[in-house]
Structure formats: C-alpha cells, structure tokens
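Engineer: For the record, in the sequence shown the residue sitting at position 135 is 135 according to UniProt numbering, with numbers rising by one throughout.
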Amino acid sequence: MHPRNILEFRQIKCHIGSKVLQKNTFAAPLCCFSSEALTPGHDMGMISDLPATVAAVKNPNSKIVYDEHNHERLAPGDPSKRAFAYFVLTGGRFVYASLIRLLILKFVLSMSASKDVLALASLETRTEEDIKVANSVDIASLRDPQEDAVRVKNPEWLIVVGVCTHLGCIPLPNAGDFGGWFCPCHGSHYDVSGRIRKGPAPYNLEVPTYSFMDENKLLIG
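The following block contains the structure:
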C-alpha cells in the first residue's frame, strides 16, 4: 500500500484592459490508498480522480487479485451416528415440552384460590327451620358437645371456618346426612350448626372470633 498524490495544475487568465495576467494555481492534493493490483490505471499509465477501489470496481480487468476463499466441502458425517443424533434431538423436544407444560400449569394454578380462601367462599343465612333443627339436637349424643346458641351470636348467621377438623380438607356445604357439611375425603358429616355428627373428625367446625359492626358489616378476627 502506498499513497498517490494527484496534483492539478491550472492556468487562470484574467483580462484587464489590454493586459493579460496569467496565474498558476495548484489544487489541493488528493490522497488515496490502494494496492497496485487494484489500480488498472497504475499499469496502464492512467491516473484517475476516483479512489483506487472505486476505479477498480468501475473498470474491472484480469489483473485484479481477488481474495482466496476455501471452497472445499466438508466431509459427510458418519451415517451410523445419525440415528443417535435424531434420538437425542427428539427426546430433548419431549423433555422441553414437558417442562414448558409444568411451568404453564404452575403459573395458571397459582392464580386460583387457595383452600383457606375457598373455605370462606360460601355465604348463606340460616332459615327458621335450620335454627329449630339445630336447637332440637340432644347435646349428650354429640362427640363434641356444644349448644347452637353458644356457637352463634345471631341465630340467622353461623360463622365457621370451613376446614374439616380431621385432616384439613374442605367439606362441601349443604351436603351429608345432616344437611350441614360433608367432607368427601374421609366421610365426616356436620350438621347445620357445624357440629360433627358422623365420621372420623374429632371436633366441630371451628368458630372464629368475630363481631357485628352493624347490620350490614361483619368483622372476622
């Protein structure tokens, strides 16, 4: 690579009256860098105002030296290992699909309500018939003896934690042999006052601490 300086020599003639003034001017030198193999004008005795690379592209000739590339094809792989590669790739796809499925299920299930929230989801008032049935039960026959009046502050409202006292399952409301709650996990039956009447549960449904703020507001806890 070497620089080439191109100088332009110009003559400027000015006519002032009958005199002719002649002035020689030199244009600013133009510098460009290129290899001799890319400059056809160098070998042909021509000097171009264009950069050497641009001139070589516009005036191609057989003296241009192109870069040498490796055009050899790679040797084919071993056919005996192809089946193993396909097996690994296919098995990896199933593994990745299973992982993605688990992540999606975990994300979706995380948005669902937990068991303690579901236990507080049911809300209904007791009818006059329910109150009469709850008060007509023989307390001595109960596994966990409690009168209905002890478990409620307002007879129309029964506030209990809807978690089975056996193993913490969620019992179904308005079900079972006594019309209260039924736990399908191990068969515990509760009456309309939340008292255990049948099954393996040892205690009645828990009554949390609560108070009535007014006729329309209830504070639990």
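Ideal Cβ positions, reconstructed from N, Cα and C, are used throughout, including at glycine. All values derive from a computational prediction rather than experimental measurement.
Can you tell which of V57, P76, E215 has its C-alpha closest to the C-alpha of E156?
Structural biologist: E215
Engineer: For the pair the segment 142-156 and the segment 167-180, tell me if three or more CB-CB distances fall below 8 Å.
Structural biologist: Fewer than three beta-carbon pairs drawn from the segment 142-156 and the segment 167-180 are found closer than 8 Å, and the two stretches are therefore not classed as touching.
Engineer: Strictly by DSSP, which residues pair up with N154?
Structural biologist: W157
Engineer: Have a look at N135, Y86, V150 and flag the residue whose alpha-carbon is nearest the alpha-carbon of P208.
Structural biologist: V150
Engineer: Of all the options V192, N204, V163, which has the alpha carbon lying nearest to the alpha carbon of P184?
Structural biologist: Shortest Cα-Cα distance from P184 to any of V192, N204, V163 involves V163.
Engineer: I'd like the list of long-range same chain contacts for T125, defined as Cβ closer than 7 Å, with 5 residues on each side in sequence excluded.
Structural biologist: E156, W157
Engineer: Can you name the start and end residues of the alpha helix (DSSP H) that K106 belongs to?
Structural biologist: 82-110
Engineer: On a Cα-Cα basis, can you pick out the residue from K63, S193, K81 that is closest to D148?
Structural biologist: S193
Engineer: How would you label N204, buried or exposed, when you count the other beta carbons within 10 angstroms and need 16 or more for buried?
Structural biologist: buried
Engineer: In the DSSP output, which residue or residues are listed as bridge partners for I196?
Structural biologist: Y190
Engineer: How big is the Cα-Cα spacing for A201 and Q146?
Structural biologist: Their backbone Cα atoms lie some 15 Å apart in a straight line.
Engineer: Under a Cβ-count criterion, where at least 16 other Cβ atoms within 10 Å of its own Cβ denotes burial, should F178 be classed as buried or exposed?
Structural biologist: buried
Engineer: Measure the CB-CB distance between I159 and Y210 and report whether it falls below 8 Å.
Structural biologist: In contact: I159 and Y210 (Cβ atoms closer than 8 Å).
Engineer: Could you compute how far the alpha carbon of H189 sits from the alpha carbon of W181?
Structural biologist: 6 Å
Engineer: Can you grab the Cα-Cα spacing for the pair A175 / D191, in whole Å?
Structural biologist: In this structure, the straight-line span from the alpha carbon of A175 to that of D191 is close to 9 Å.
Engineer: Leaving out the 5 sequence neighbours to the left and right, which residues in its chain are closer than 8 Å to V133 when beta-carbon positions are compared?
Structural biologist: The residues are G179, D191, V192.
Engineer: Counting C-beta neighbours from all protein chains within 10 Å, is the total for V88 16 or more, i.e. buried, or is it exposed?
Structural biologist: Of the other Cβ atoms in all chains shown, fewer than 16 fall within 10 Å of the Cβ of V88; this residue is therefore exposed.
Engineer: Mind checking who P173 pairs with in its DSSP beta bridge?
Structural biologist: Answer by DSSP bridge pairing, in chain order: W181.
Engineer: Consult DSSP for S141 and reduce its assignment to one of helix, strand or coil.
Structural biologist: helix
Engineer: On the DSSP letters alone, give me the boundaries of the alpha helix (DSSP H) that K132 sits inside.
Structural biologist: 128-135
Engineer: Per DSSP, Y203 is paired with what?
Structural biologist: Paired residues: none, contrary to the question.
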